[in-house]
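*Asks:* Sequence positions in the sequence shown follow this note's numbering and run 247 to 672.
Quick reminder that beta carbons are idealized off the backbone N, C-alpha and C, glycines included.
Note that the structure is predicted; figures quoted are calculated from it, not measured.
Here it is, the structure in full.
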Amino acid sequence: MKPGTLKSPRREYCWSSGLLKAVVALAILMAGVIIGLAASSSSSSVLGSSSLSLQAEAEAAAAAANSNNVIMVAAAAAGGGGGAAANNNNNDIIIRKRKKKKAMATSATTTQLLDFRGFVDPGSGSPWGHSMSDPELFWRASMVPRAEEYPFQRVPKVAFLFLTRGPLPFAPLWERFFRGHEGLYSVYVHAVPGYTGRYRRSSPFHGRQIPSREVSWGSITLVDAEKRLLANALLDWSNQRFVLVSESCVPVFNFRTVYEYLVNSAHSYVESYNIDVPQCAGRYNPRMAPEVTEDQWRKGSEWFELSRDLAVDVVADQRYYALFRRHCTPSCYPDEHYIPTFLHLWHGARNANRTVTWVDWSRGGPHPARFGRAATTTDFVAAIRNNGTRCLYNGKPTTVCYLFARKFAPSALGTLLNLTTTILDF
Ligand SMILES: *[C@@H]1O[C@H](CO)[C@@H](O)[C@H](O)[C@H]1NC(C)=O
Ligand SMILES: *[C@@H]1O[C@H](CO)[C@@H](O)[C@H](O)[C@H]1NC(C)=O
Ligand SMILES: *[C@@H]1O[C@H](CO)[C@@H](O)[C@H](O)[C@H]1NC(C)=O
Numbered sequence: 247m248k249p250g251t252l253k254s255p256r257r258e259y260c261w262s263s264g265l266l267k268a269v270v271a272l273a274i275l276m277a278g279v280i281i282g283l284a285a286s287s288s289s290s291s292v293l294g295s296s297s298l299s300l301q302a303e304a305e306a307a308a309a310a311a312n313s314n315n316v317i318m319v320a321a322a323a324a325g326g327g328g329g330a331a332a333n334n335n336n337n338d339i340i341i342r343k344r345k346k347k348k349a350m351a352t353s354a355t356t357t358q359l360l361d362f363r364g365f366v367d368p369g370s371g372s373p374w375g376h377s378m379s380d381p382e383l384f385w386r387a388s389m390v391p392r393a394e395e396y397p398f399q400r401v402p403k404v405a406f407l408f409l410t411r412g413p414l415p416f417a418p419l420w421e422r423f424f425r426g427h428e429g430l431y432s433v434y435v436h437a438v439p440g441y442t443g444r445y446r447r448s449s450p451f452h453g454r455q456i457p458s459r460e461v462s463w464g465s466i467t468l469v470d471a472e473k474r475l476l477a478n479a480l481l482d483w484s485n486q487r488f489v490l491v492s493e494s495c496v497p498v499f500n501f502r503t504v505y506e507y508l509v510n511s512a513h514s515y516v517e518s519y520n521i522d523v524p525q526c527a528g529r530y531n532p533r534m535a536p537e538v539t540e541d542q543w544r545k546g547s548e549w550f551e552l553s554r555d556l557a558v559d560v561v562a563d564q565r566y567y568a569l570f571r572r573h574c575t576p577s578c579y580p581d582e583h584y585i586p587t588f589l590h591l592w593h594g595a596r597n598a599n600r601t602v603t604w605v606d607w608s609r610g611g612p613h614p615a616r617f618g619r620a621a622t623t624t625d626f627v628a629a630i631r632n633n634g635t636r637c638l639y640n641g642k643p644t645t646v647c648y649l650f651a652r653k654f655a656p657s658a659l660g661t662l663l664n665l666t667t668t669i670l671d672f
């Protein structure tokens with residue numbers, strides 16, 4: 247702001263009694279928020295982002311206090327926080343504190359929708375949960391701000407989307423991978439409905455299960471689950487990269503390397519190709535024309551990595567989704583074709599067309615090779631990290647082509663945990 251545009255501190259305010267009450271109410275609201283946050287952070291916030299958001303909130307409030315917006319803020323608080331915003335007594339703080347706790351328990355109250363912190367990162371420090379249907383969730387998640395700058399200090403995060411049946415046998419490995427990097431990642435778990443994983447409060451997996459639905463492998467419900475994971479993660483405005491992993495998937499580099507690689511990448515990593523074999527071109531259904539023509543048809547591994555922009559477009563898409571739902575049925579598998587084809591049509595240039603998740607299909611058959619304790623050696627992991635092949639990263643050749651690998655059997659956990667102190671370098 248130029249000095250000349252600064253408002254004179256002596257500017258006369260018209261202290262109408264209503265405005266005065268509103269300002270007092272705002273002060274009380276802030277006190278309530280601070281007390282509420284203190285309470286929530288002492289119960290160990292998973293993402294540790296409370297202090298960041300608190301700063302943002304304080305800044306927003308300071309900005310609002312400089313203008314007539316204060317009335318709107320107070321009004322919003324009255325509508326959302328429940329009732330007596332202008333009652334300046336101590337009971338109000340207690341009520342707010344209690345309401346805050348209740349809000350954190352149910353996670354889907356009006357308070358959260360109107361609260362800036364809750365808007366920027368719903369579910370931070372509380373179990374993940376909401377009552378939105380898929381269409382409601384996808385609609386909300388597809389919103390993109392027009393303003394270029396964020397009114398809070400935004401540190402880009404990588405969202406790890408765990409598409410699982412339930413148990414996460416490699417949770418201890420991932421916990422070690424994430425340790426010490428709080429604030430740079432977020433975790434979302436899709437499991438079969440009714441499954442509740444038990445994790446220590448300090449675990450990145452604690453309370454991160456999203457509202458899930460039944461998934462039958464090979465059907466469109468798998469795409470639904472992927473979109474549900476993406477959409478839930480998009481609600482956190484700090485999430486910048488979105489990587490889909492399964493319960494049999496493990497990281498083969500440490501967090502720093504993975505984070506830098508993804509956050510600084512000009513491309514997304516979705517495998518995409520079209521070859522003239524029955525399992526690829528042969529799955530194209532001519533009824534998809536003219537929206538998808540034969541030469542636009544693509545195939546790729548379902549284990550994607552997407553930038554925020556592309557993730558928004560995938561969640562927002564209804565047209566191609568409907569087409570795949572209708573015309574890609576066994577032996578066509580939507581999870582292997584929908585996203586690669588959609589990106590090829592609209593964002594080809596922004597895709598690296600390769601996956602960062604290593605897998606071994608060399609043995610043939612419908613399922614890739616699975617590696618247990620005996621196969622998981624230092625040399626094996628070294629070969630995944632660098633197998634002599636080069637790939638392009640931001641247009642330059644590199645030997646780091648894979649950040650994750652699958653499929654591993656639970657028996658490999660002990661060996662992999664041992665390798666974290668050597669080759670994996672967590
Ligand atoms: C990926 O494929 C698209 C075509 O879909 C192409 O335009 C793009 O250049 C490719 N990406 C890279 C990094 O080569
Ligand atoms: C490296 O991995 C890729 C992808 O799995 C494979 O195509 C290639 O043959 C491997 N190279 C060597 C030397 O093993
Ligand atoms: C891990 O390392 C410890 C200590 O070196 C060793 O006793 C143990 O057998 C190793 N576990 C596996 C599964 O390799």
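1) Hey, would you say the C-beta of residue 198 is under 7 Å away from at least one heavy atom of ligand 1?
2) Might you give, ordered along the chain, the residues of its own chain that have their beta carbon closer than 6 Å to the beta carbon of residue 468, omitting 5 neighbours on each side?
3) Please report how far the alpha carbon of residue 476 lies from the alpha carbon of residue 603, in whole angstroms.
4) Run through the DSSP bridge pairs and tell me what residue 455 is partnered with.
5) Pop quiz: residue 560 and residue 473 are said to be a contact at Cβ under 8 Å. What is the actual Cβ separation, rounded to whole angstroms?
6) Less than 8 Å between the beta carbons of residue 550 and residue 521, yes or no?
7) Which runs of the beta strand (DSSP E) fall wholly inside the segment 473 to 500 and span at least 3 residues, in chain order?
8) Can you tell me whether residue 592 is helix, strand or coil according to DSSP?
9) Can you look up residue 514 in the DSSP assignment and give me helix, strand or coil?
10) Between which two residues does the alpha helix (DSSP H) carrying residue 621 extend?
11) Could you tell me which uninterrupted beta strand (DSSP E) segments, each at least 3 residues in length, are contained entirely in the segment 383 to 454, listed from first to last along the chain?
12) If we call anything under 8 Å between Cβ atoms a contact, is residue 433 one with residue 410?
13) At 3 residues or longer, what runs of the beta strand (DSSP E) sit wholly inside the segment 621 to 653?
14) What did DSSP end up calling residue 520 once you bin it into helix, strand or coil?
15) In whole angstroms, what separates the C-alpha of residue 600 from that of residue 638?
16) Tell me the rounded alpha-carbon separation between residue 626 and residue 547.
17) Could you confirm whether any beta carbon from chain B is found closer than 8 Å to the beta carbon of residue 464?
18) Applying the criterion that 16 or more other CB atoms from any shown protein chain within 10 Å of the CB defines a buried residue, is residue 387 buried or exposed?
19) Are residue 596 and residue 556 closer than 8 Å when you measure CB to CB?
20) For residue 372, which option in 616, 449, 565, 670 has the closest C-alpha, if you only look at C-alpha atoms?
21) Hey, out of 532, 536, 396, whose CA is closest to residue 574's CA?
22) Sorry if obvious, but does the Cβ on residue 513 come closer than 7 Å to a heavy atom of ligand 1?
23) Exposed or buried, residue 642, counting other C-beta atoms within 10 Å across all chains shown (16 or more means buried)?
24) In whole angstroms, what separates the C-alpha of residue 592 from that of residue 542?
25) CB of residue 595 to nearest heavy atom of ligand 1: below 7 Å?
26) By the 10 Å Cβ neighbour count, where 16 or more other Cβ atoms means buried, how is residue 288 classified, buried or exposed?
27) Is residue 468 helix, strand or coil by DSSP?
28) Which of helix, strand or coil does DSSP assign to residue 670?
29) For residue 519, count neighbouring C-beta atoms within 10 Å of its own C-beta (all shown protein chains included) and say buried if the count is 16 or more, exposed if not.
30) Starting from the Cα of residue 377, find the closest Cα among 514, 426, 459 and give me that residue.
31) What number of angstroms, rounded off, separates the C-alpha of residue 613 from the C-alpha of residue 583?
32) What separation, rounded to the nearest whole angstrom, lies between the Cα atoms of residue 381 and residue 564?
33) With contact counted as at least three CB pairs below 8 Å, one residue from each stretch, are the segment 413 to 421 and the segment 498 to 508 in contact?
34) When you compare the CB positions of residue 368 and residue 480, do they come within less than 8 Å of one another, or not?
*Replies:* Put simply:
1) An answer regarding residue 198 cannot be provided, because it is not within the stretch 247 to 672 covered by the chain.
2) 461, 581
3) 18 Å
4) 435
5) 7 Å
6) no
7) 485 to 492
8) helix
9) strand
10) From DSSP, residue 621 is part of no alpha helix (DSSP H); its letter is neither H nor E.
11) 403 to 409, 431 to 436
12) no
13) 637 to 639, 642 to 644
14) coil
15) 9 Å
16) 22 Å
17) Of the protein chains in this structure there is only one, and it is not chain B.
18) buried
19) yes
20) 449
21) 532
22) yes
23) exposed
24) 11 Å
25) yes
26) Low local confidence applies: a pLDDT of 39 at residue 288 is under 50, so the model's placement there is unreliable, and no value is given.
27) helix
28) coil
29) exposed
30) 459
31) 17 Å
32) 10 Å
33) no
34) no
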